Each structure stands twice: as C-alpha cells, then as structure tokens.
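*Asks:* Have a look at this one.
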Amino acid sequence: MTNTDASSSSEIAPIGREPVLRQGSGFGARLLQRAVFDHGEVLFSFLRAFKPILAFSIKGQPVALVTRYDDVKEVFLADDAFPVSYATKLKMVTGNPFIFGMRDGPDYRRDHAALRKVILDEDIDAHLAPRTRAVAERVVAAANGCLDSVEFVRQVTFEVLLEYFGVPKPTNGDIEVWSTRLFQYICQVGDDPALDKDAEVYGNLLRTHVHDIVTARISSGEDRDDVLGRCLKRQAAGEDGFSTERICTALVGLIVAGLPQPPAVLPKALEQLLRRSKILAEAQRAACEGDEGAVRRYMFEAMRFDPLTPFLPRNTAKDHVIAAGNRRAKAIERGRHVLFSFASSMMDERRVADPTSFNPNRPASAYLLFGYGLHQCLAKNICEKLLPIMLMALLKNNNLARAPGAEGRLTKQGAMAERLVVCFDPQ
Ligand code: HEM
C-alpha cells in the first residue's frame with residue numbers, strides 16, 4: 002500500500018473546535034440516555050425473563066423489541082422479513098443505494114462483491130496493522146501523559162483508514178465532524194431537525210469532496226495501490242460495479258458507515274476495563290507482553306458490556322412469526338418496526354454462561370458485536386485487528402488511570418462515546 006502523509010498530524014485535535022458529535026438537548030434526551038444507553042440491561046434482563054418479545058407503540062407506530070439471543074439471531078438472518086431500515090437516510094447521504102441500506106438481491110451482491118475485491122484481508126497484516134501501530138504510538142507519545150481516548154481513537158482511525166481508502170482530508174472543513182454527524186443522522190431513531198440539517202449540509206460537502214478526489218485521480222492517471230486506485234483499475238478493465246458513480250457512493254458509504262464507529266465504541270470498552278482494576282491489570286500485563294490475542298479477548302469481553310448500541314432497527318416487510326413453535330412465539334405483522342437488542346442477546350444466560358461475570362475466555366459465539374448474517378460488518382476482520390492495537394497503545398503505559406474529576410468519566414451522546422480522558426506516565 003502507498004503511504005501518504007496528507008492527513009497526518011501528531012497533535013490531538015483542539016478541544017475548542019466544533020463538537021464532533023451533535024449534542025442531544027433537553028431533559029427528555031438526557032433521561033432517555035440514562036435509561037436506555039446507560040442502564041438498558043436492567044430493562045432487558047426483565048424482558049428476557051418475562052416478555053422476551055415486547056410489542057408496543059411509539060406515537061402510533063407499532064414496534065417490537067426483541068431481547069433473547071436466539072430471537073435476535075433470527076431477526077439478523079431473516080433479511081426477507083426484516084430488511085435494514087437505513088435505506089432512505091443513507092441514500093440521502095450517499096446519493097445512491099449503499100450496501101448498508103440495501104436488501105438482499107443482485108444489486109446488493111454485486112456491490113458487496115465489488116467491495117470485497119478492493120478491501121482485502123491480506124492488507125490487514127501487510128499494511129493496516131503496522132500503520133495503526135505506528136500512528137497510535139506516535140499520538141500517545143505526543144500526548145505527554147494525558148489524552149481523550151475518544152479523540153485518540155478517532156485520530157488514528159481516520160488517519161489510517163482514509164489513507165487506505167485513498168481519500169485525503171478536505172481543506173474546507175472537518176471530515177470527522179461531517180461523517181460522525183451523518184452517522185448519527187442515519188442511526189437516530191425518531192426525528193431531530195438539527196441532524197436533518199447536518200445531513201443536508203455535510204452530506205453535500207462529503208459527496209463533493211469524494212467526487213473531486215475521484216475525478217482528480219482519474220484525470221491525473223496516478224497509479225496508487227489504495228482502495229480508490231484498485232477500483233479505478235477495475236473500472237479501466239470494464240468490470241461491473243466500478244462506474245465512477247458507484248465508486249463515489251462506496252467511498253462515501255464507507256466513510257460514513259464505518260469511520261465514526263471505532264471512536265464511538267473503543268472508549269466504552271476502556272471504561273469497562275477501568276471499572277475493574279484486577280481485570281485492567283491483567284489486560285495491561287497482556288499489552289506489555291505484546292500479546293495482541295489476549296488484548297483482543299479482553300476488548301471483546303469489555304465491549305459485550307457496552308456494545309456499539311443497545312439495539313439495531315429493522316423494518317418488517319412481510320408477516321413473520323419470531324420464535325415459531327415456542328411459547329414465546331410472536332407474530333410480527335408487516336409494517337411494524339423491530340428493535341432487536343444485540344446487547345441484550347449477549348447477556349442472555351440461556352446462551353452465554355454466567356453473562357454478568359467478566360470472562361475474556363468465552364467462545365466466539367458469545368459475541369455478536371459486529372452483527373450477524375447478511376449485513377455483518379464489512380470491516381469485522383479489520384476492526385478485530387486494529388482496535389486491539391489502539392487499545393494496546395494505551396494499556397502499555399505505566400500508571401494508566403482516569404483523569405481526575407469529570408473528564409475521567411465516560412460521557413456519551415446517545416450510544417456513542419463522547420469523551421473519556423485518561424492519564425499515564427509520559428513516555
Ligand atoms: C468498532 C467498530 C465497528 C463496529 C462495532 C461495527 C459494527 C457493525 C454492525 C453491528 C453492523 C451491522 C449493522 C446491522 O445489521 O444493522 C455493521 C455493518 C457494517 N459496517 Fe461496521 N462496525 C465497525 C466499524 C466499521 C468500519 C471501520 C467500517 C468501514 C471501514 C465498517 C463498515 C461497515 C459496513 C459497510 C457495514 C454494512 C455491511 C452490509 O450491509 O453488508 N464498520 N458494522
């Protein structure tokens with residue numbers, strides 16, 4: 002892969018810039034935040050036992066909340082009955098359908114296969130892992146003993162993956178703000194006029210930026226081995242799925258659906274480790290010994306306690322009985338929204354032994370962190386390798402601890418980590 006330093010900066014982004022995450026406002030939003038995103042498991046454990054598939058309405062819209070492991074997997078796998086519900090908003094952002102918002106079918110298969118031809122597993126060890134290690138270590142060393150873990154993961158993720166995609170940062174704005182607000186817009190349940198406005202403004206800026214980069218690369222004829230370069234080679238060979246429009250859509254889709262996630266998630270795992278001093282010490286020992294596999298297991302287990310989001314949404318495209326043949330079976334009629342809690346599923350004692358204990362040696366089946374079935378995360382293998390490397394760069398430091406006061410407590414916007422400052426002995 003080609004390295005460029007177009008987007009590299011050894012400084013943590015200044016605290017005074019526009020907040021990367023759109024701030025939720027009002028008492029209601031804060032209450033919802035605490036009830037669902039901080040203490041959801043209290044409700045979910047009750048529902049798993051007494052009402053595993055709960056039907057209710059929000060403002061007249063019928064909704065079903067699915068909480069048990071087997072039923073969550075069933076929803077993941079039944080794309081014909083429960084297609085993803087991100088299509089309209091995603092298209093508003095990307096301009097064209099992108100796999101994250103598409104139902105199964107020839108178009109989805111073509112676009113998914115096209116991405117799989119240019120995002121290769123062999124890039125992970127050959128390029129992405131060493132690059133992530135170098136950038137993470139540089140940022141930690143420059144931090145002088147104190148950093149915001151959210152900003153740290155964001156900086157490393159955007160620098161490494163934008164370079165991998167072949168999309169340098171724009172000079173007319175902050176792509177971290179653009180893509181994060183667009184991700185919030187796509188994932189929000191309900192309406193938020195401020196996010197609608199963000200989607201219009203930042204969607205336009207991002208599409209224009211990516212289009213300019215792609216057309217400039219085509220006109221320059223520059224031959225670079227990054228995701229964009231590989232797409233253009235396939236375009237030149239006349240392969241299906243690689244028109245300029247599809248390439249632009251894919252790059253915008255990846256930047257929006259992917260890059261905001263590691264900073265939203267990894268600090269939540271760090272918070273779980275900081276809450277458990279003995280476990281933290283074990284994870285730190287593994288990091289100091291360079292045992293990436295062990296750090297990955299601690300990270301996965303920590304993420305299980307606070308994954309990407311408590312639940313994922315789906316539409317119901319045709320009538321379907323969830324858990325058919327069981328006493329809890331529930332008919333879900335066409336038109337009902339489905340919220341299925343993969344967070345709850347990973348705490349289901351029917352499938353995950355002693356789920357409330359922290360056990361880094363669980364079987365892989367205990368984890369649905371990157372989804373399951375058709376829409377399972379396209380970057381699962383990338384994230385499984387790169388996230389532990391970022392975490393290791395923090396864990397390796399002597400006297401790693403929360404910063405004093407409020408800064409040292411994780412704050413969130415919705416399900417997304419917002420800030421968690423940690424301190425350590427300067428390197
Ligand atoms: C901590 C990091 C990440 C987590 C926890 C995560 C998790 C997920 C989950 C749960 C889904 C399935 C959503 C659903 O079924 O509704 C998903 C899909 C997806 N993710 Fe990730 N993701 C992460 C990072 C990334 C990154 C960095 C990228 C891109 C570089 C990415 C690209 C995608 C794409 C394209 C899809 C849709 C795949 C499809 O529809 O076939 N993700 N991710």
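Once you know that position 260 of the sequence shown is 261 in our numbering, the rest is easy, because the numbers rise by one and skip nothing.
For each residue, glycine too, the CB sits at the ideal point set by N, CA and C.
No experiment lies behind these values; they were computed from the predicted model shown.
Output needed for residue 119: all residues of its chain with C-beta closer than 7 Å, excluding positions within five of it in sequence on either side, in chain order.
*Replies:* 228, 231, 232.
*Asks:* Which residues does DSSP list as the beta-bridge partners of residue 1?
*Replies:* This structure does not reach residue 1, given that the chain is present from 2 up to 428, and the question cannot be answered.
*Asks:* Quick one: does the C-beta of residue 101 sit closer than 7 Å to a heavy atom of ligand 1?
*Replies:* At least one heavy atom of ligand 1 is nearer than 7 Å to the Cβ of residue 101, so yes.
*Asks:* For my contact list, residue 20 and residue 151 are in at a C-beta cut-off of 8 Å; report their separation, rounded to the angstrom.
*Replies:* Residue 20 to residue 151, Cβ: 11 Å. No contact.
*Asks:* Using a Cβ-Cβ cutoff of less than 7 Å, which residues in the same chain neighbour residue 262 once the five nearest sequence positions on both sides are dropped?
*Replies:* If we look at residue 262 and ignore the five residues flanking it on each side, its Cβ neighbours are 309.
*Asks:* When you compare only the Cα positions, how much space is there between residue 170 and residue 341?
*Replies:* One C-alpha to the other measures close to 35 Å.
*Asks:* Quick check: residue 91 and residue 68, are their CB atoms within less than 8 Å of each other?
*Replies:* Not closer than 8 Å, so no.
*Asks:* For residue 284, I'd like the list of residues in its chain whose CB is within less than 7 Å of its CB, leaving aside the five on either flank, ordered along the chain.
*Replies:* Once the five neighbours on either side are set aside, the close Cβ partners of residue 284 are 274, 296, 299, 396.
*Asks:* Please report the distance separating the alpha-carbon of residue 437 from that of residue 196.
*Replies:* With the chain represented from 2 up to 428, any question about residue 437 goes unanswered, as that position is not in the structure.
*Asks:* In angstroms, rounded to a whole number, what distance separates the CA positions of residue 448 and residue 428?
*Replies:* The structure shown does not extend to residue 448, since the chain is modelled only from 2 through 428, so no value can be given for it.
*Asks:* Span of the alpha helix (DSSP H) holding residue 101?
*Replies:* No alpha helix (DSSP H) contains residue 101, which DSSP labels as neither H nor E.
*Asks:* In the DSSP assignment, what are the bridge partners of residue 333?
*Replies:* BP columns for residue 333 point to 321.
*Asks:* May I ask you to report which of helix, strand or coil DSSP gives residue 405?
*Replies:* Coil, per DSSP.
*Asks:* Count the other CB atoms, across all protein chains shown, that sit within 10 Å of the CB of residue 131; report buried if there are 16 or more and exposed otherwise.
*Replies:* Per the 10 Å Cβ criterion, exposed.
*Asks:* Scan the stretch 103-164 and note each continuous beta strand (DSSP E) run of 3 residues or more that stays entirely inside, going in chain order.
*Replies:* The qualifying runs are 147-149.
*Asks:* Does DSSP classify residue 417 as helix, strand or coil?
*Replies:* Three-state DSSP puts residue 417 in a strand.
*Asks:* Select from 235, 403, 201, 102 the residue whose C-alpha is nearest the C-alpha of residue 281.
*Replies:* Closest option to residue 281, Cα to Cα, is 403.
*Asks:* Which residue wins for smallest C-alpha separation from residue 363, given the options 305, 338, 249, 289?
*Replies:* Here the closest residue by C-alpha is 305.
*Asks:* May I ask whether a heavy atom of ligand 1 can be found less than 7 Å away from the beta carbon of residue 376?
*Replies:* Yes; taking the cut-off as 7 Å, the Cβ of residue 376 has a heavy atom of ligand 1 nearer than that.
*Asks:* Cα separation between residue 244 and residue 94?
*Replies:* Approximately 18 Å, taken between the alpha carbons.
*Asks:* For the alpha helix (DSSP H) that contains residue 303, what are its first and last residues?
*Replies:* Segment 293-306, the alpha helix (DSSP H) holding residue 303.
*Asks:* So residue 215 and residue 256 are in contact, right, with Cβ under 8 Å, and what is the actual spacing, rounded?
*Replies:* Between residue 256 and residue 215 the Cβ distance is about 13 Å, and since that is not below 8 Å, they are no contact.
*Asks:* If I'm right that residue 401 touches residue 425 with Cβ under 8 Å, what's the distance once you round it to whole angstroms?
*Replies:* 5 Å between Cβ atoms; contact.
*Asks:* Taking only runs of the alpha helix (DSSP H) that begin and end inside the stretch 188-239, which ones reach a length of at least 4 residues, in chain order?
*Replies:* Entirely contained in the stretch 188-239, the alpha helix (DSSP H) runs reaching 4 residues are, in chain order, 194-221, 228-237.
*Asks:* For residue 153 and residue 264, what's the separation of their Cα atoms in angstroms?
*Replies:* Roughly 8 Å between the two C-alpha positions.
*Asks:* Going by the beta-carbon positions, is the gap between residue 41 and residue 311 smaller than 8 Å?
*Replies:* In this structure, residue 311 lies closer than 8 Å to residue 41 by Cβ.
*Asks:* Following the continuous beta strand (DSSP E) through residue 63, name the residue where it begins and the one where it ends.
*Replies:* Unbroken beta strand (DSSP E) run through residue 63: 62-67.
*Asks:* With H, G and I counted as helix, E and B as strand and the rest as coil, what does DSSP make of residue 356?
*Replies:* Looking at residue 356 - three-state DSSP - the assignment turns out to be coil, as it is neither helix nor strand.
*Asks:* Name the DSSP bridge partner or partners of residue 314?
*Replies:* According to DSSP, which records beta bridges pairwise, residue 314 is partnered with 340.
*Asks:* Should residue 249 be counted as a contact of ligand 1 given a C-beta to heavy atom distance under 7 Å?
*Replies:* No.
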